[in-house]
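Enquirer: Numbering (the numbering used here), first residue to last: 30 to 467. I have a structure here, written as structure tokens, and I will follow up with some questions on it.
Pasting the structure below:
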């Protein structure tokens with residue numbers, strides 16, 4: 030699987046670089062993101078630091094939008110905030126015309142803070158509290174994707190009390206294997222997400238008769254980091270069949286929310302082609318007469334981000350270890366999912382040196398604090414820097430202060446310049462809100 034430990038031939042550093050047009054190597058300045066030297070950013074703000082490329086995010090949004098336009102398929106894109114929730118990122122996608130897909134009231138408020146209108150927000154998630162729903166409904170949320178009959182009843186009661194009508198879509202669990210990591214698949218019957226297909230007709234009819242809610246359609250999301258169109262085809266065919274069945278039963282169905290999950294290339298595998306994806310959606314939904322919505326996240330932001338780290342020391346203990354100042358509290362994906370991230374030195378001279386296997390690790394007191402095993406890398410002296418690639422999604426959003434390590438700075442590259450968008454957390458901030466009783 031693409032998100033697991035890489036078992037194929039080790040990609041060469043040159044191949045990793047060549048496959049990412051947003052990255053270039055300059056003889057003097059070293060590795061650059063969108064033409065901006067990453068060493069200059071590290072010199073200014075230190076390491077570890079997150080760096081995001083605005084042009085890359087815009088280009089990937091345009092590629093997805095244009096793929097559907099080329100197929101003649103109107104598609105409403107709602108950015109999945111969970112992938113990277115920074116206000117600067119949300120504002121960028123708002124400027125491109127995207128709405129937002131959120132899974133908590135915090136994400137909802139972030140999206141609206143970034144200027145995304147509440148009516149352009151889809152509220153998803155398996156466990157929305159009454160307090161969260163009160164806030165979202167009070168703000169005029171555009172659509173709520175519901176995952177149980179109990180949730181429908183709760184929304185009905187809250188909306189009726191507030192004198193509003195909530196547009197809801199029933200999230201159908203299609204029982205389709207997305208072919209991805211077990212921890213990020215969401216469309217199998219045993220997963221906690223969605224409503225079983227057999228229960229949809231009765232719940233849809235029930236919702237249609239309740240005050241305060243208006244069922245508008247069917248939603249689904251089968252997983253993340255999906256690299257084949259086949260799982261989508263299978264799931265969407267089931268969704269289309271459900272829509273037809275509901276209409277035959279006399280129900281009004283206006284919306285088909287097809288979710289997200291488009292995979293990217295982390296090693297040397299191709300990411301899912303937006304053109305192939307759009308063609309699949311067209312094939313399944315042509316003539317269905319619905320408003321199509323989708324919620325991409327990783328596809329839009331993953332390749333746009335890197336995590337910069339510096340080598341603290343090289344340790345020989347039966348094997349070679351490169352110990353970085355970045356750690357699993359910064360980028361948790363390798364520890365959580367055995368995820369593979371490319372690692373490139375920032376200095377051009379390193380690419381002229383022989384490569385030797387090394388385990389790339391952080392300083393946290395966990396054996397899981399490891400970014401790579403037996404990775405072919407040149408000699409990198411203490412103080413030398415590396416970039417962990419494709420870290421724009423599920424990176425900073427999943428970071429923590431474990432081992433009382435301050436959270437990293439974040440920087441946005443745009444138009445040949447770089448801007449600090451999150452300062453490095455101060456040590457004192459780690460305990461600023463803690464109280465010793467008495």
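Just so it is clear, CB atoms sit at the ideal spot from N, CA and C, and this is done for glycine as well. None of these values were measured; they are calculated from a predicted model.
Does the beta-carbon of residue 212 have 16 or more other beta-carbons within 10 angstroms, so that it is buried, or is it exposed?
Expert: Any reading at residue 212 is ruled out, since the residue's pLDDT is 47, under 50, leaving its predicted position unreliable.
Enquirer: In terms of residue numbering, what span does the alpha helix (DSSP H) encompassing residue 167 cover?
Expert: Start and end: 159-168.
Enquirer: Hey, could you find the ends of the beta strand (DSSP E) residue 174 is sitting in?
Expert: Where residue 174 is concerned, the enclosing beta strand (DSSP E) stretches over 172-175.
Enquirer: Does the stretch 327-345 come within contact of the stretch 420-440, defined as at least 3 CB pairs closer than 8 Å?
Expert: Verdict: yes, contact present.
Enquirer: Which parts of the stretch 278-350 are runs of the beta strand (DSSP E), unbroken and 3 residues or longer, counting only runs that do not cross its ends?
Expert: You should have 284-286, 320-323, 334-345.
Enquirer: Taking the alpha-carbon of residue 264 as reference, which of 173, 170, 226, 243 has the nearest alpha-carbon?
Expert: Of the listed residues, the one whose Cα sits closest to residue 264 is 226.
Enquirer: Going by DSSP in three states, residue 275 sits in which element: helix, strand or coil?
Expert: It is helical.
Enquirer: Report the partner residues of residue 141 according to the DSSP bridge assignment.
Expert: Per DSSP, none; premise fails for residue 141.
Enquirer: Residue 210 to residue 434, Cα distance in whole Å?
Expert: Confidence at residue 210 is low in this model, with a pLDDT of 49, below 50, so the placement of that residue is unreliable and no value is reported for it.
Enquirer: Once you ignore the five residues that flank residue 450 on each side, which residues in its own chain have a CB closer than 7 Å to its CB?
Expert: Within the same chain, residue 450 has close Cβ partners 115, 117, 439, 440, 441.
Enquirer: Taking the alpha-carbon positions, what's the residue 310 to residue 375 distance?
Expert: Their Cα atoms are separated by approximately 40 Å.
Enquirer: Indicate the three-state DSSP secondary structure (helix, strand or coil) for residue 210 in the structure shown.
Expert: Because the pLDDT of residue 210 is 49, which lies under 50, any placement of that residue in the model is unreliable, and the number read from its coordinates should be weighed accordingly. Note: residue 210 maps to coil in three-state DSSP.
Enquirer: Alpha carbon to alpha carbon, how far is residue 383 from residue 408? Give it in angstroms, no decimals.
Expert: Each residue's alpha carbon lies about 8 Å from the other.
Enquirer: For residue 131, does the three-state DSSP call read helix, strand or coil?
Expert: Looking at residue 131 - three-state DSSP - the assignment turns out to be strand.
Enquirer: Helix, strand or coil: how does DSSP classify residue 108 here?
Expert: It is a strand residue.
Enquirer: Is residue 152 helix, strand or coil when you go by DSSP?
Expert: It is a strand residue.
Enquirer: Where in the stretch 44-104 do unbroken runs of the beta strand (DSSP E), each at least 3 residues long, occur, reported from the N-terminal end onward?
Expert: Correct list: 52-55, 59-62, 78-82.
Enquirer: Could you have a look at residue 244 and say whether DSSP puts it in helix, strand or coil?
Expert: DSSP places residue 244 in strand when its eight states are reduced to three.
Enquirer: In the DSSP assignment, find the alpha helix (DSSP H) that holds residue 188 and state where it starts and stops.
Expert: 178-191 is the span of the alpha helix (DSSP H), which, as asked, contains residue 188.
Enquirer: Measure how close the beta-carbons of residue 397 and residue 355 come, nearest whole angstrom, since I'm counting them as under 8 Å.
Expert: Actually they do not touch by this definition, with Cβ atoms about 14 Å apart.
Enquirer: Within 10 angstroms of its Cβ, does residue 460 collect 16 or more other Cβ (buried), or is it exposed?
Expert: Result: exposed.
Enquirer: Helix, strand or coil for residue 371 per DSSP?
Expert: Residue state, collapsed to three classes: coil.
Enquirer: Looking only at its own chain, which residues have a Cβ that is under 7 Å from the Cβ of residue 157, when we skip the five neighbours before and after it?
Expert: Within the same chain, residue 157 has close Cβ partners 180.
Enquirer: Is it right to say residue 47 is buried, meaning 16 or more other beta carbons lie within 10 angstroms of its own, or is it exposed?
Expert: Its Cβ having fewer than 16 others within 10 Å, residue 47 is exposed.
Enquirer: Decide yes or no for the touch test of the stretch 76-83 against the stretch 285-299: beta carbon pairs closer than 8 Å, at least 3 of them.
Expert: No: the two stretches stay apart, fewer than three of their Cβ pairs being nearer than 8 Å.
Enquirer: My understanding is that residue 380 touches residue 42, with C-beta atoms under 8 Å, so please give their C-beta distance in whole angstroms.
Expert: Confirmed, about 6 Å.
Enquirer: Taking the alpha-carbon positions, what's the residue 391 to residue 432 distance?
Expert: Computed Cα separation, rounded: 12 Å.
Enquirer: For the candidate residues 445, 430, 467, whose alpha-carbon lies nearest to that of residue 457?
Expert: The shortest Cα separation from residue 457 among 445, 430, 467 belongs to 430.
Enquirer: Using the Cα positions of residue 321 and residue 415, report the straight-line distance between them to the nearest angstrom.
Expert: For residue 321 and residue 415, the distance between alpha carbons rounds to 41 Å.
Enquirer: Does DSSP classify residue 230 as helix, strand or coil?
Expert: DSSP places residue 230 in helix when its eight states are reduced to three.
Enquirer: Going straight from the alpha carbon of residue 268 to that of residue 251, what length do you get?
Expert: Between residue 268 and residue 251, the C-alpha separation is close to 12 Å.
Enquirer: Check whether the Cβ atoms of residue 323 and residue 272 lie closer than 7 Å to each other.
Expert: No, the Cβ-Cβ distance between residue 323 and residue 272 is not below 7 Å.
Enquirer: Quick one: is residue 216 buried, meaning 16 or more other Cβ sit within 10 Å of its Cβ, or exposed?
Expert: Residue confidence for residue 216 is low, a pLDDT of 46 falling below 50, so the modelled location carries little weight; the figure read from the coordinates is stated next. Result: buried.
Enquirer: Helix, strand or coil for residue 449, going by three-state DSSP, please let me know.
Expert: Here residue 449 sits in strand by DSSP.
Enquirer: Whose CA, out of 102, 139, 447, 370, lies closest to the CA of residue 316?
Expert: Measuring from the Cα of residue 316, the nearest candidate turns out to be 102.
Enquirer: Is residue 216 helix, strand or coil when you go by DSSP?
Expert: Annotation note: pLDDT 46 at residue 216 (below 50); position unreliable, no value reported.
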